[in-house]
Amino acid sequence: MCGAPKQGGALAGIDLTTQTVIQGSVWHDGAPVAGAYVRLLDSSDEFTAEVVTSPEGEFRFFAAPGEWKLRSLAPVGRAERVLSAEVGLNETTLAIA
Numbered sequence: 001m002c003g004a005p006k007q008g009g010a011l012a013g014i015d016l017t018t019q020t021v022i023q024g025s026v027w028h029d030g031a032p033v034a035g036a037y038v039r040l041l042d043s044s045d046e047f048t049a050e051v052v053t054s055p056e057g058e059f060r061f062f063a064a065p066g067e068w069k070l071r072s073l074a075p076v077g078r079a080e081r082v083l084s085a086e087v088g089l090n091e092t093t094l095a096i097a
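Be aware that the sequence shown starts at 1, since it is given in full-length UniProt numbering, and climbs by one per residue.
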């Protein structure tokens with residue numbers, strides 16, 4: 001149920017009344033982190049999907065509604081965030097300290 005289309009850009013052709021989209025960006029020291037790996041883990045911490053951030057630090061997943069954990073891995077550090085996703089657009093930022 002997860003896929004990773006081209007990162008960033010508009011959500012043309014995506015029906016947000018029926019699909020759950022989790023998207024956002026990874027930041028460190030006030031700048032986007034390109035090339036970071038972002039993992040999508042389910043509520044039991046099981047790996048579900050992984051994408052690489054765009055040059056603007058953006059990522060996107062298509063998932064089912066529910067509790068998800070996002071984990072970013074980059075040379076500059078790591079970040080995690082738990083997200084309760086609902087049908088529609090769910091946006092978040094992962095800030096690497």
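Here a beta-carbon is modelled for each residue, glycine too, at the ideal position from N, C-alpha and C.
Cα-Cα separation between residue i and residue j, rounded to whole angstroms
i, j, result
"G24", "E46", "21 Å"
"L16", "A49", "20 Å"
"V87", "A36", "26 Å"
"P75", "E58", "16 Å"
"S84", "D42", "11 Å"
Classification of residue i by the beta-carbon crowding that lies within 10 angstroms, buried from 16 upward
i, result
"V82", "exposed"
"S44", "exposed"
"S72", "buried"
"L70", "buried"
DSSP beta-bridge partners of residue i
i, result
"P32", "W27"
"I22", "F61, N90"
Segment limits, beta strand (DSSP E) that includes residue i
i, result
"A97", "Element bounds for A97: n/a, residue is neither H nor E."
"G77", "77-85"
"S72", "66-74"
"T48", "47-52"
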